[in-house]
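Quick mapping for you: the protein sequence lines, in order, are chains A and B. Numbered per our numbering, the first sequence spans residues 4 to 214. Numbered per our numbering, the second sequence spans residues 22 to 757. Notes follow the structure.
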Amino acid sequence: MQTNNHKKYAIIIDTFKCFDCKACMVACKVENSVPQGYWRNWVRHTGGQQGKRTHFQPGQCMQCEAPSCVAACPAGATFKRETDGLVVIDPDKCIGCANCVSACPYGARYRNPATRLADKCDFCLHRLQRGELPACVETCPTKARTFGDLNDPESKVSRLLKSEKLVQIVNPMVNTKPMIFYVKGTLPADWTVQPTLPGNVHMPLEFWTES
Amino acid sequence: MASKINPPISRRNFMKISGAAAAGAALGGRADLLHALSADQASQATEGDRKIFSACDMCFNKCGIIARVDKSGNIRKIDPNPNYLKSRGMLCARGNAGVAQLYDPDRLQYPLLRKGERGEGKWQRISWDEALDLAAEKMKTIGEKYTRCGFMFMAGTDLQSTFVHRFAEVYGSYNILSHESNCLISRNRAFLDTFGIVPIPDTLNCKYIIMPGANRFEALVTPDSMDIVTAMQNGAKLVVLDPRYTKTAALATEWHAIKPGTDMAFFLAVMHVLINEKLYDKKFVAEKTFGFEKLRDHVQQYTPQWAELECEIAAKDIVRMARELAAAAPAAMVYPGRRSSDYEDSTQIRRSYAIVNALLGNWDRTGGMMYPHKIKVGTIPYDAPFYDSNPDDRVDAERAKMMFDEEGSFKHTRDAVIEGKPYPVKGWLTYKTNPMQTGANRNKTIEMINKLDFMITVDITMSDTAWMADLVLPAPSYLEREDPVSSFQGSSACSGVTIRDPIVPAMYESQPLFNIVKALAQRLELGEFFDFTIKDFRAAQLKKLPEVAAAIKKEGVYNEPGVTPGQHEGKPFRTVSKKIELFNQRYPDKGIDPMPVYHPPQKTPPNHFRLVVGRNAYITQSSSTNNAILHQLQPENSLWIHPKAARQSGIRHGDRVEVTSSVGKGVLPARVTDEIREDTVYMDSGFGALSRGLSNVFGKGASNSEIIEDYADEVTGNMAMHETFVTVKKISAVRS
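The structure is reproduced here in structure tokens:
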């Protein structure tokens, strides 16, 4: 437990509640003016039926504790905020190289075709500053996402962390320590990609973990 | 007229937000989040944004919204209203895309008069005065020549549709259609004729739900869609019967790919098991139902073994599900569903659902069929004038055995207009409905329109129906309008009342429907019937409900939480026997089977498929497929076809295929998937638009309304949209 006032924002997702209505995707798109054809978040699913329940799984930037996108950024534009743990992009520093796009094991980043700058989910930082929940969290019909501060033991996310069996979806090669947790049993789990630099340049593990 | 548009935003009904503390007050229950924010963060809140309550209109649900308007007066974002018990603080993809409807570059901007041939798309811009003068003159001349019933009206689900009805009545036409005969009237008929009222399903507290044909995780209904998820988390079982692996099927405890058109066989066999194994609620049935002995004898022929051959669901599973239903009763149900425009006996199919519910004794009990409770609002009453020259009845009268006079039948009206029998109908006004895309057999709709002397469409964009009209009048979207008060039922969660105020002023020259009919009434010397404003109308609606007005002002909605069981105890049912009618006593006189009699569906001809309809969660049929944001989720529809069937026709995933019925055809990409039966194909509605005014969906994909043949439910005249067989032919291979 930290003694300063720093937050550690996290989202816990109960995918049992998701029926893939894509409300979170559209809410995010409008809130953040995400350009046509791009999305900051997604709903993945397991295919086929064969007598099994299909799993729908929402996701977005995981606000990792050890973010490979930060390691990949040559300009210091992508950084993790000390005050709340959110990984954000400083548009004044971003040079649009897109190193961070292929460095993300979750495919959570894209380069905005209009600005030529990197973009991704920031848990709607501007909404948090207004005292509102992230757009995807608030709009969800079944409230599959729970948002909160893990440094606050009374927060809903802290309580869920204690009471529920949670899992993180991590890349087997590089664990970036995501701050999105899923209630155990979520699928699919094997969709992450190994971080690379543009041109499919693979870097040693230390490059991603020692930033 | 122009001076009456763009009413200022009501000061009473918006909330001004100047910081996080005020936002917290508006959003209630968010203190856990707010305390986490430091003061300097709060000061960064966007200055000048206002938050205004309203009700969504991207589908019929009317979920609660809070629109955020920036300093320049534009809507930046629409958020859910957490105070709204019906929608539980949610807003779906369509609701979130409402801003794209408001700022749609395809919006109609001013009145347009047709200049070329119908459907050719040549228009002339005219002034509102010219448009209204012309419309009034046509209404007058058509009314004089063909009687007032010679002009018909059709209004979709909308808070201002009440004014279309009012106008039609004082103008003197009986020929008023709603959207419902393309949707759910056979379900309503069936439950009404069983319980005397259409009950509401308490899905939240239900332990065992059989959902035949409905798709509640895609065809969203608030709060049922969310409540079923909660019920399942609490251990409820959900059984879905559907030829297609919908997302509801995908999440269900059990999915059975029932043979289309055989649901009644399934439920007759369930009755057989419930009765013969004495699993029904004996006390309830004895006290509250009529005709049990007749039903018992009637269902003896319908064994589970017989049903297995019809529905292709194993007899042992039918028996098991009947027993499981009974074990969970009364917190068990056959979910009534909504859209029931499927077969020629769709009322009788829904009767079989209603009767199983009655046998389970779930009426007025927790987790069952609840007694509805809608808050009664007032009105400004009127006595419509009588027109001597008018015929005796609606133009579609007698074409169905028990039609709802107030809804009519689009299918039968269209036939009557084409035939000119029993009398000619030559004028049409449509509002907020798009029968060109929602009524089966589009070519027949065009044929009907070509019989008309004059057609007026009031719409937001150039829908396919507007595309065929003579006069197109631009309406504001729901975000720009002052609407009457609306009373709603939020399933078992609540009843409520809401209101809609303009969040931004009406754009372009758009005029609300109310202003249009009021102006027409004045021109037709009927002004006395519209001698009020919407504010006056609302005041009359809420005259006896001051607490409702206060709550709406404060929270954007008035809620009466929960429907408690036992509300109906001791009251008679509104049926002939005053009981739940397993055997309907009114039916025999009308030539209708008093208990559901099974007739197998038409056999699928060789090399044909049955085409079924449905939808997904991010389109509301044709009213939202052109939305710029939703269009990104689904730019085109596709034909769901099973891999075995596709292989036989040499069709690969993504190939463009032509789907042909006896009445029309369409070309779209194939979606080769085992998520549909081999004998069935499916496509989403709302594509293949004819209107060039819909830039995103013009010519994109196929229109199922063109392909579906028009059959009708024999009881209600509800369009029957699952009776069509199609062939599928490969046109061109997928680009690889």
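Ideal placement from N, C-alpha and C gives every residue a C-beta, glycine not left out. Only a predicted model underlies this, so the values are computations on that prediction, with no experimental measurement involved.
Chain B contacts from the segment 13 to 25 of chain A (Cβ-Cβ distance under 7 Å)
F19, K20, F22, D23, C24 and K25
Can you tell me whether B/R71 is helix, strand or coil according to DSSP?
strand
Member of B/I96, B/R71, B/W488 and B/M253 whose CA lies at the smallest distance from the CA of B/K143
B/W488
Within-7 Å CB hit, A/V196 to chain B:
no
How about A/G145: is its C-beta nearer than 7 Å to some C-beta of chain B?
A quick correction: the sequence has Thr, not Gly, at residue 145 of chain A. At least one chain B Cβ lies under 7 Å of A/T145.
Cut-off 6 Å between Cβ atoms - residues of its own chain near B/F632, not counting five sequence neighbours on either side
The sequence as given places Leu at residue 632 of chain B; Phe does not occur at that position. Closer than 6 Å at the Cβ level, and outside the excluded window around B/L632, lie V702, T745 and V747.
Whole-angstrom Cβ separation of B/L106 and B/N580, contact assumed at under 8 Å?
4 Å
Please name the residue in B/T681, B/D695 and B/I230 whose C-alpha comes closest to that of B/S724.
B/T681
Three-state class that DSSP yields for B/H186 in the structure shown
helix
With DSSP as the reference, label B/S644 as helix, strand or coil.
helix
Residues in the same chain with beta-carbon distance under 7 Å from B/I640, minus the five sequence neighbours each way, listed in chain order, please.
T646, L651, Q655, D705 and G707
Compare the C-beta of A/V33 with all C-beta atoms of chain B and state if any pair is closer than 7 Å.
yes
Residue environment, B/I334, which counts as buried when at least 16 other CB atoms sit within 10 Å
buried
Under a three-way DSSP split, which group does B/M704 fall into?
coil
Along the chain, where does the alpha helix (DSSP H) containing B/L198 start, and where does it finish?
Taken as a continuous stretch (DSSP letters only), B/L198 belongs to no alpha helix (DSSP H), being part of the beta strand (DSSP E) at I197 to S199.
Looking at B/G577 and B/N102, is the spacing between their C-beta atoms short of 7 Å?
yes
For B/L547, go through chain A and note every residue whose CB falls closer than 9 Å to its CB, in chain order.
None at all; the shortest Cβ gap to chain A is about 43 Å.
Please report the straight-line C-alpha distance between B/L262 and A/D95, rounded to a whole angstrom.
55 Å
Stretch pair the segment 202 to 210 of chain B + the segment 338 to 348 of chain B: three plus CB contacts closer than 8 Å:
no
At least three beta-carbon pairs within less than 8 Å, the segment 377 to 392 of chain B to the segment 350 to 364 of chain B
yes
Pull up the CB-CB distance for B/V398 and B/Q562, whole angstroms please, since I reckon it's below 8 Å.
4 Å
Segment limits, beta strand (DSSP E) that includes B/W449:
G448 to Y452
Starting from the C-beta of B/Q62, find all residues in its chain whose C-beta is less than 7 Å away, skip the five residues before and the five after it, and write them out in chain order.
With a pLDDT of only 34 at B/Q62, under the threshold of 50, the placement of this residue in the model should not be trusted, and no figure is reported.
Buried versus exposed, by CB contacts within 10 Å (16 or more), A/A75:
buried
Would you mind telling me which residues of chain A sit closer than 9 Å to B/K72, beta carbon to beta carbon, in chain order?
Simply none; closest approach about 10 Å.
How far does the beta strand (DSSP E) with B/C227 in it reach, from first residue to last?
Counting along the chain, B/C227 falls outside any beta strand (DSSP E), and DSSP gives it neither H nor E.
Closer than 7 Å between beta carbons: that is the criterion. Which residues of the segment 649 to 664 of chain B meet it against chain A?
I650, Q653 and L654
Determine the extent of the beta strand (DSSP E) in which A/N174 is found, giving its start and end residues.
That residue, A/N174, is in no beta strand (DSSP E); it is neither H nor E in DSSP.
When you compare only the Cα positions, how much space is there between B/V634 and B/E546?
44 Å
For A/Q66, count neighbouring Cβ atoms within 10 angstroms of its own Cβ and tell me buried if that reaches 16, exposed if not.
buried
So A/H9 and A/T189 are in contact, right, with Cβ under 8 Å, and what is the actual spacing, rounded?
The Cβ separation is near 28 Å, so there is no contact.
I want to verify the contact list: residues of chain A whose CB lies under 7 Å from the CB of B/N117, in sequence order.
A26, V29, A30, V33 and T142
Alpha carbon of B/G722 to alpha carbon of A/A106, nearest angstrom:
37 Å
Would the beta-carbon of B/A762 fall within 7 Å of that of B/T368?
Nothing in the structure corresponds to residue 762 of chain B, since chain B is present only between 22 and 757.
Have a look at B/A88, B/D318 and B/Y323 and flag the residue whose alpha-carbon is nearest the alpha-carbon of B/D284.
B/Y323
Express the C-alpha separation of B/I728 and B/S410 in angstroms, rounding to a whole number.
39 Å
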